[in-house]
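Its first residue numbered 9, the sequence shown is counted upward by one per residue in the working numbering. The beta carbon of each residue, even a glycine, is placed where N, CA and C say it ideally should be.
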Amino acid sequence: MARIFMIGAGNVATHLSQALQKNGHEITQVYSKTQSNAISLSEKLGCSYTNELHNIDPCDIAIIAVKDDVINEVASLINCRIPIVHTSGTKDLAILGKGVIGVFYPLQTFSKNKIVDFQNIPICIEANNSKFLQFLNNLANSISNNVHQLSSEQRNYLHLSAVMVNNFSNLMYQMATEICEKNKISFDLLKPLIQETSNKVQQMTAIETQTGPARRKDVQTIERHLTLLDSDKEKRKIYEILTESILNRS
């Protein structure tokens, strides 16, 4: 069992601390610069809270789960004798400075009120010494069956890929919703298609699962779609770029 000081009270901090606690670890304390957020998460976990980083209860590790642009600042305020990790997909290990440092990156999209099963979530770890790496490996394996050791460079490329499959695809859902609403069509009609596409990519490569007019080189359908988008320059441009990319891979 590890004693963990959780720095942050947002989506990642909330889900990660709950998963760690559920699997036998002790969240000793929660920090947030916003006291109400610290109190809210500490009440869920039944632990103490603080909004001052110099007031830390004894712990085995401090997990920094805050916005990327303040990780360095937060790390600089923590006693260097405490092993620390951050949970970012984009920030290098070295941003944490000196001492025993590491990365504990859960690759998933988190929303506070949406329960997630950590057992299948990839957790990417990195550390500046082998002993701490083994500690992080044990910690990660206690909550997930999907643990990987990646360098900072590899993790950056993984995060880039995650943005493409998650954030960009979600933007497509938003745009499709706008088209449907404008034309009095229920977006629900597209949900079985979304589900089937998601299911297929679990078993086949993305190239194998690609279908549609660009994959078939169906120029007439492509031109018809572009005509429908004449009044929306942004969607038309995105449609053209993505269609060209599919054509180049077909």
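Sub-9 angstroms separation of residue i and residue j beta-carbons
| i | j | result |
| --- | --- | --- |
| residue 10 | residue 34 | yes |
| residue 67 | residue 143 | no |
| residue 150 | residue 28 | yes |
| residue 114 | residue 38 | no |
| residue 257 | residue 218 | yes |
| residue 58 | residue 46 | yes |
| residue 155 | residue 123 | no |
| residue 191 | residue 117 | no |
| residue 105 | residue 84 | yes |
| residue 153 | residue 127 | yes |
Neighbour-count burial assignment, residue i, 16 or more Cβ in a 10 Å radius
| i | result |
| --- | --- |
| residue 62 | exposed |
| residue 91 | buried |
| residue 49 | buried |
| residue 17 | buried |
| residue 129 | buried |
| residue 249 | exposed |
| residue 193 | exposed |
| residue 22 | buried |
CA nearest to the CA of residue i, picked from the options
| i | options | result |
| --- | --- | --- |
| residue 77 | 177, 69, 95, 88 | 95 |
| residue 222 | 199, 69, 251 | 251 |
| residue 159 | 179, 23, 102 | 102 |
| residue 163 | 16, 202, 112 | 112 |
| residue 237 | 255, 135, 204, 188 | 188 |
| residue 100 | 138, 155, 165, 190 | 165 |
| residue 79 | 110, 89, 55, 65 | 110 |
| residue 206 | 225, 232, 178 | 178 |
| residue 75 | 183, 127, 15 | 15 |
| residue 86 | 97, 64, 98 | 64 |
| residue 26 | 153, 120, 43, 198 | 120 |
| residue 93 | 230, 24, 43 | 24 |
| residue 167 | 200, 231, 203, 98 | 98 |
| residue 180 | 43, 225, 242 | 242 |
Nonlocal neighbours in the same chain, by C-beta distance under 8 angstroms from residue i, ignoring five residues either side
| i | result |
| --- | --- |
| residue 185 | 195 |
| residue 240 | none |
| residue 32 | 9, 150 |
| residue 141 | 110, 133, 134, 135, 157 |
| residue 254 | 218, 220, 222, 223 |
| residue 233 | 221, 247 |
| residue 215 | 257 |
| residue 228 | none |
| residue 82 | 15, 61, 72, 74 |
Counterpart residues of residue i in DSSP-defined beta bridges
| i | result |
| --- | --- |
| residue 114 | 131 |
| residue 195 | Beta-bridge pairing links residue 195 to no other residue. |
| residue 57 | 38 |
| residue 13 | 37, 70 |
| residue 109 | 92 |
| residue 157 | 133 |
Proximal residues to residue i (C-beta, below 7 angstroms), its chain only, five neighbours per side dropped
| i | result |
| --- | --- |
| residue 41 | 59 |
| residue 55 | 35, 36, 37, 38 |
| residue 169 | none |
| residue 230 | 221, 222, 251 |
| residue 209 | 217 |
Beta-carbon proximity list for residue i, same chain, < 6 angstroms, skipping 5 on both sides
| i | result |
| --- | --- |
| residue 107 | 88 |
| residue 182 | none |
| residue 212 | none |
| residue 43 | 59 |
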